[in-house]
Amino acid sequence: MRFGDKTVIVTGGGRGIGIGTAKKFAEEGASVVIGEIDAELGQNAADDLSDAGHRVAFVQVDVGDPNQAKNLVTEAVEKFGSVDVLVNNAGIIRTDDFLETDIETFDQVLRVNLRGVFLMTQAAARHMVAAGTKGSVVNICSITAFAGMPDQVGYCVSKAGVFQMTRSIGLALADKGIRVNAVGPGTVRTELSESALGYDSGGSVMKRVLARTPLGRLAEPEEIANAVLFLAGDDAGYLTGHTIFVDGGRLIQNIVLPFDE
Amino acid sequence: MRLEGKRALITGGGRGIGLACAQRFVAEGASVVLGDILLDEGRTAAEELTQAGGKATFIECDVTDVGQVNNFVAAAVDACGGIDILFNNAGIIGPGTDFLGTSEDEFRRIMEINVFGAFRVAQATARHMVDQGISGSIINTGSMLSALANPDQAAYVSSKHGIHGLTKAMALALAKHGIRVNAIGPGTIKTAVAEAVLVNETAYRRVLSRIPLGYIGEPEDVTGPVVFLASDESSYMTGQIIYPDGGRLALNHVMPVKELPAA
């Protein structure tokens with residue numbers, strides 16, 4: 003049990019990569035606090051883990067709100083006594099034609115994806131420093147930190163920001179023994195991506211995605227979770243400020259694999 | 045046991061990072077075949093791993109000799125029945141030399157071992173994996189100098205940038221065979237290779253000022269990333285390099301060095 007005496011917060015823990023990560027930590031012995039803005043999703047996720055015999059709590063949170071971010075950390079400490087690992091997974095995607103995108107949409111994406119990571123990391127790190135915890139923070143970045151999308155400008159900018167925040171906050175906390183790293187997933191098979199990409203119907207969007215995916219398939223949420231656990235644990239003890247891309251080979255690929263439109 | 049039943053090949057396995065990874069692989073349930081030009085170190089390492097209850101074999105391997113490389117891979121397959129993991133670790137750093145005075149022979153020697161050697165071992169191993177239908181994992185040894193540079197190590201820097209490119213090209217070439225290829229990019233690690241840096245107090249301080257986590261790594265600091273890349277936990281990763289560098293790549297300027305640890 004790699005996280006037997008640890009308490010782990012996973013934001014956006016109600017579905018997708020978040021719930022996959024929460025489950026893995028629980029299976030490795032951790033006490034897990036699911037932070038989620040959608041109360042029903044969050045409570046259901048917590049109930050499922052609890053029914054499986056794990057120590058888990060749900061706390062509703064809007065990570066872009068400083069008081070709510072702080073409250074999530076406070077409640078985690080009250081319930082389980084510490085916060086050892088923070089996984090900044092909460093994030094949103096908005097897809098719009100650039101010329102038609104309104105600035106409120108842009109602001110909303112940055113508020114959750116960037117401001118949320120700042121606020122949650124600051125709240126958790128303040129607790130870790132005060133408690134003398136040599137903790138670990140793992141951010142969910144994206145290949146879009148480097149690879150642009152014409153219709154997701156805000157999202158791509160937010161993830162480029164997460165990449166840099168991982169570096170700078172990693173440096174800010176290094177002498178406290180707190181490590182900050184990130185996982186940059188490629189396209190992950192979740193409910194959202196399945197419907198958007200026509201995963202089951204072999205849609206043309208899916209074909210284009212796979213033409214840019216050397217390993218020939220989407221990632222499973224569990225594969226992202228495995229990388230998060232690696233970075234959170236002692237095996238990554240000499241890593242900080244680093245983003246690991248779990249993308250099936252996408253970022254290194256120059257052109258495309260053969261595909262039919 | 046995260047590598048239960050896996051069969052791993054480690055070049056440069058006689059000491060340093062290679063040996064530390066061999067110990068960790070065995071602890072995680074793998075059997076290992078060590079290759080090295082250092083015969084005493086290699087044999088001793090294999091004996092100690094065996095005495096500790098592991099399955100380990102040593103086979104001489106000079107990565108500059110294609111005949112020895114092919115023999116090494118073939119003998120490893122004979123010993124274990126196949127190869128699931130290659131940790132392509134053999135390499136040298138060479139003495140720092142002023143760029144203007146660097147000889148072509150010295151440049152070629154380092155490229156010959158670090159790049160051509162890695163290519164030979166990886167190709168021979170990958171041919172075996174493809175032939176046997178093994179969805180293996182290959183881990184090349186880059187360096188933080190796959191991304192950064194030192195002025196007096198043009199050949200070494202070129203060789204480690206070369207490893208990064210080799211890793212990417214191999215990853216794409218072998219993806220359709222289910223073989224993943226990644227690399228590690230260690231920062232300054234306490235090994236024989238780094239001795240030249242660590243005996244000089246001024247140099248030691250300068251190195252530490254570039255390590256946010258505040259200490260020079262031990263070979264054991266590299267084993268975690270190697271095990272992760274070797275195992276199925278990294279099943280969606282290919283063509284990537286993981287940098288156990290104490291945070292150096294993230295750092296713009298320098299960090300204050302509070303005290304010099306006892307050497």
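Protein sequence lines correspond, in order, to chains P and L. Letter by letter, the first sequence follows residues 3 to 263 of the numbering used here. Letter by letter, the second sequence follows residues 45 to 307 of the numbering used here. For glycine and all other residues, C-beta sits at the position ideal for the given N, C-alpha and C. Remember, predicted model here, so these are calculated numbers, not experimental data.
{"Query": "Proximal chain L residues relative to N228(P), where beta-carbon distance stays under 9 Å", "Result": "F272, S275, D276, E277, S278, S279 and Y280"}
{"Query": "Three-way DSSP call (helix, strand, coil) for F108(P) in this model", "Result": "helix"}
{"Query": "Under 7 Å from the C-beta of P284(L): neighbouring residues of chain P", "Result": "The question names Pro, but residue 284(L) in the sequence shown is Gln. Per Cβ cutoff of 7 Å: I246 and F247."}
{"Query": "Cβ separation of L173(P) and G291(L), assumed to be a contact under 8 Å, to the nearest whole Å", "Result": "7 Å"}
{"Query": "L295(L): contacting residues in chain P (beta-carbon distance under 7 Å)", "Result": "L173"}
{"Query": "Anticipated Cβ contact below 8 Å, T1(L) with E148(L), distance rounded", "Result": "Residue 1(L) is absent from the structure shown; chain L starts at 45 and stops at 307."}
{"Query": "Alpha-carbon spacing of H221(L) relative to G180(L), whole angstroms", "Result": "9 Å"}
{"Query": "Assigned secondary structure, R224(L) (DSSP; H/G/I helix, E/B strand, else coil)", "Result": "strand"}
{"Query": "Sequence-distant residues of its chain with Cβ nearer than 8 Å to D262(P) (five each side left out)", "Result": "K209"}
{"Query": "D249(P) versus T242(P), V164(P), T146(P) and L199(P), residue with shortest Cα-Cα distance", "Result": "T146(P)"}
{"Query": "Classification of P288(L) by the beta-carbon crowding that lies within 10 angstroms, buried from 16 upward", "Result": "buried"}
{"Query": "C-beta neighbour in chain L for F232(P), strict 7 Å", "Result": "yes"}
{"Query": "Supposed contact pair E30(P) and F1(P) - C-beta distance, whole angstroms, cut 8 Å", "Result": "With chain P covering only 3 through 263, there is no way to say anything about residue 1(P)."}
{"Query": "Delimiting residues of the beta strand (DSSP E) encompassing Q95(L)", "Result": "Careful: Q95(L) lies outside any beta strand (DSSP E), inside the alpha helix (DSSP H) at L83 to Q95."}
{"Query": "Beta-carbon spacing of G20(P), A227(P) below 7 Å", "Result": "no"}
{"Query": "For G79(L): DSSP bridge partner residues", "Result": "T55(L) and I103(L)"}
{"Query": "Under 7 Å from the C-beta of L257(L): neighbouring residues of chain P", "Result": "A176, Y240 and T242"}
{"Query": "Whole-angstrom distance between I233(L) and A48(P), CA atom to CA atom", "Result": "42 Å"}
{"Query": "C-beta atoms of G126(L) and I178(L) nearer than 7 Å", "Result": "yes"}
{"Query": "Proximity below 7 Å, CB of A52(L) to CB of I129(L)", "Result": "yes"}
{"Query": "Under 9 Å by beta carbon: chain L residues contacting D237(P)", "Result": "T267, G268, P269, V271 and F272"}
{"Query": "For V12(P) and I39(P), believed in contact at Cβ under 8 Å, the rounded distance", "Result": "Actually they do not touch by this definition, with Cβ atoms about 13 Å apart."}
{"Query": "Beta-carbon proximity check, T211(L) vs A191(L), cutoff 7 Å", "Result": "no"}
{"Query": "Inter-stretch contact at 8 Å, needing at least 3 Cβ pairs: the stretch 77–89 of chain P / the stretch 109–117 of chain P", "Result": "no"}
{"Query": "Interface flag, L217(P) vs chain L, CB-CB below 7 Å", "Result": "yes"}
{"Query": "Continuous beta strand (DSSP E) stretch holding S138(P): start and end", "Result": "S138 to I142"}
{"Query": "Residue-level contact to chain L via CB, R169(P), 7 Å cutoff", "Result": "yes"}
{"Query": "Stretch-stretch touch, CB-based, cutoff 8 Å, three pairs: the stretch 294–303 of chain L with the stretch 240–254 of chain L", "Result": "yes"}
{"Query": "C-beta atoms of I81(L) and D106(L) nearer than 7 Å", "Result": "yes"}
{"Query": "Proximal residues, the stretch 200–212 of chain L versus chain P, C-beta separation under 8 Å", "Result": "K212"}
{"Query": "L187(P), DSSP secondary structure in three states", "Result": "Note on identity: in this sequence residue 187(P) is Pro, with Leu being the wrong assignment. Strand at P187(P)."}
{"Query": "Exposure of D177(P), with buried meaning 16 or more beta-carbon neighbours within 10 Å", "Result": "exposed"}
{"Query": "Endpoints, the alpha helix (DSSP H) within which G37(P) is located", "Result": "Looking at the DSSP string, G37(P) is not in any alpha helix (DSSP H); the run it does join, the beta strand (DSSP E), is S33 to E38."}
{"Query": "Cβ-based neighbour list, I223(L), same chain, cut-off 8 Å, excluding 5 preceding and 5 following", "Result": "A170, M173, V174, I178, S179, G180, S181 and I182"}
{"Query": "Extent of the continuous beta strand (DSSP E) run through S181(L)", "Result": "S181 to T185"}
{"Query": "Pair within 7 Å by beta-carbon distance, L78(L) and A66(L)", "Result": "yes"}
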